[in-house]
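In this note's numbering, the protein residues as written are 4 to 471.
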Amino acid sequence: MTKGTSTSLRHERGPGPGPKARYRPRSVRPGLLLTAGALLATTLAVVPPATGAEAAADSPREANRMTMEQREPRPRTPGTHQATQAALDAIVAAGTPGALARATNGRAHWSGTAGVADLRTGQPRRATDRFRVGSLTKTFTATLLLQLEAEGRLSLDDSVEKWLPGVIRGRGHDGRKVSLRQLLNHTSGIFSYNRDPGFLARFTGEPFLEHRYDGATPQELVRIGLSHPPEFPPGTGWSYSDTNYILAGLVVERATGHDYATEVERRLIRPLRLHSTTVPGTSPTVPRPHARHYSRLYLDHPDAPIHDVTDFNPSVAWAAGQIISTADDLNRFFRALLGGELLPARQQRALLDTVPTGDGEAPPTGHSSSGYGLGIRSDTLSCGVTVWGHGGQVPGSLSRTAATRDGRHVLTLNRNGDWGEQTGEDAVLEAEFCGARPAAGSDDGDTPGAERGRIPRSGVEDPALVVP
4 MTKGTSTSLR HERGPGPGPK ARYRPRSVRP GLLLTAGALL ATTLAVVPPA TGAEAAADSP
64 REANRMTMEQ REPRPRTPGT HQATQAALDA IVAAGTPGAL ARATNGRAHW SGTAGVADLR
124 TGQPRRATDR FRVGSLTKTF TATLLLQLEA EGRLSLDDSV EKWLPGVIRG RGHDGRKVSL
184 RQLLNHTSGI FSYNRDPGFL ARFTGEPFLE HRYDGATPQE LVRIGLSHPP EFPPGTGWSY
244 SDTNYILAGL VVERATGHDY ATEVERRLIR PLRLHSTTVP GTSPTVPRPH ARHYSRLYLD
304 HPDAPIHDVT DFNPSVAWAA GQIISTADDL NRFFRALLGG ELLPARQQRA LLDTVPTGDG
364 EAPPTGHSSS GYGLGIRSDT LSCGVTVWGH GGQVPGSLSR TAATRDGRHV LTLNRNGDWG
424 EQTGEDAVLE AEFCGARPAA GSDDGDTPGA ERGRIPRSGV EDPALVVP
């Protein structure tokens with residue numbers, strides 16, 4: 004086995020969240036809604052208990068199982084994971100400093116790593132490394148709103164105006180016409196603040212090094228997004244927008260009376276025992292153990308210098324992308340979510356009700372078909388298996404989680420460099436769920452000049468490395 008590459012296969016009973024049970028809504032304290040500045044009128048109906056087939060259909064886990072058995076090809080059975088490890092090795096060979104993956108299939112667990120965690124010391128990547136997950140945060144945020152709907156605190160069909168009065172106004176925007184559901188599935192038409200030229204001027208290229216600790220408030224990020232006219236009328240198109248999820252985080256705070264981080268911790272992190280997952284707020288550091296996070300600052304030139312960007316203020320991503328986690332914790336979260344442990348049946352169906360993404364600035368996947376639900380996307384692989392999950396990108400970190408619809412088979416991967424094509428990540432998914440080995444030259448070699456800008460595994464020979 005080459006230096007900087009490791010793999011392990013274990014069959015064990017993982018330290019999961021304990022006995023699995025259907026989601027039980029939290030009790031609603033009437034005073035809490037008033038402190039959040041909103042009063043919800045509710046009606047109570049008496050429904051006879053479901054029996055037989057009705058009860059089975061109402062179970063998210065049973066519905067997922069039936070869908071998998073009747074409609075989708077089965078993913079490959081657990082094996083040696085040689086193809087998955089080969090795909091990780093190919094990512095590193097193409098220029099990423101290091102990569103890791105963690106797969107769970109039933110009670111079988113596998114971890115693989117390649118490359119280095121630190122270009123200066125040559126420390127290998129570890130399967131237990133923490134990393135910034137980027138837009139995988141969106142799945143956490145969407146789950147919070149779905150739980151709040153299940154508890155009767157809000158409806159996804161509520162307008163944003165109802166919860167954030169006067170916030171979405173001007174430049175053709177009207178919060179009365181944008182629903183919470185449209186925020187979560189990116190059909191609101193609201194411009195993404197991180198595509199604003201002024202934002203890019205501060206947080207890409209060399210200026211990032213000067214502004215990395217600046218941060219921003221959610222209100223500032225929303226104002227940037229709303230300074231642009233809508234991309235289309237609400238509900239008539241699809242465009243990936245981080246502004247949607249900043250607004251969703253503000254709704255969580257208004258509906259609960261608690262800050263966003265508190266709700267993530269008490270509803271998801273603590274119940275699922277995600278011990279390595281944090282919501283950092285304005286803290287610029289990543290808890291140990293972690294790999295260094297490296298970036299070319301989004302410059303297209305293949306010889307652009309590589310910077311250590313591990314530390315920066317993640318409030319510029321907030322409820323759209325600031326969570327820090329591990330592959331194991333992310334797998335546990337997605338297994339619980341897709342397995343029906345976090346949402347009742349109605350909200351589970353809403354979670355997976357997708358809209359076509361078209362060409363609306365979706366993170367590329369290279370797969371035959373894809374759709375976007377509520378903070379989760381579906382992709383159909385070359386072997387016909389459909390996986391559900393999300394990707395994430397922040398300075399220095401690229402991540403991906405994918406799982407079968409029932410959550411039984413799930414994989415998370417991370418690379419500690421934010422450049423290169425996504426075909427390498429796609430190859431890891433193809434290997435894990437279809438058993439396909441990466442074809443020669445099919446990974447990040449598409450990137451112009453990728454071989455010339457290749458990062459040696461030892462990490463000590465690249466003269467372009469810059470540590471601020």
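We put the beta carbon where it would ideally sit given N, CA and C, even for glycine.
Not a single unbroken stretch of the alpha helix (DSSP H) spanning 4 or more residues falls wholly within the stretch 351-423. Here the alpha carbons of residue 322 and residue 96 stand approximately 33 angstroms from one another.
Under the DSSP definition of a beta bridge, residue 297 partners with 311, 420.
The three-state reading of DSSP puts residue 127 in strand, counting E and B together.
At a Cβ-Cβ threshold of 7 angstroms, residue 360 and residue 373 count as neighbours.
In the three-state DSSP reduction, residue 108 falls in the strand class (E or B).
Take residue 277, set aside five residues on each side of it, and the residues of its chain with a beta-carbon closer than 8 angstroms to its own are 271, 328, 332, 335, 336, in chain order.
Secondary structure at residue 115: strand, using DSSP grouped into helix, strand and coil. Note that the C-beta distance between residue 207 and residue 228 is not below 7 angstroms. Residue 133 sits close to residue 279, with the two beta carbons spaced by under 7 angstroms. Distance from the Cα of residue 182 is smallest, within the candidate group 194, 317, 265, 167, for 167. Here residue 131 has 279, 292, 329, 331 as same chain residues with Cβ atoms under 8 angstroms from its own Cβ, once five neighbours each way along the sequence are excluded. Take the alpha-carbon of residue 419 and the one of residue 120: they are about 7 angstroms apart. With fewer than 16 neighbouring CB atoms inside 10 Å of its own CB, residue 232 falls in the exposed class.
Per DSSP, reduced to three states, the secondary structure at residue 323 is helical. About 40 angstroms separates the beta carbons of residue 439 and residue 318, which is beyond the 8 angstroms limit, so they are not a contact pair. In the three-state DSSP reduction, residue 231 falls in the coil class, being neither helix nor strand. Inside the stretch 150-197, DSSP marks whole alpha helix (DSSP H) runs of 4 or more residues at positions 163-166, 183-187, from first to last along the chain.
Counting the other Cβ atoms within 10 Å of the Cβ of residue 409 gives 16 or more, which makes it buried.
No residue range can be given for residue 316, since it is assigned to no alpha helix (DSSP H) and is classified by DSSP as neither H nor E.
The Cβ neighbour count for residue 389, taken over all protein chains shown within 10 Å, is at least 16; the residue is labelled buried. Taking a contact to require three or more Cβ pairs closer than 8 angstroms, the stretch 293-305 and the stretch 109-128 qualify as touching.
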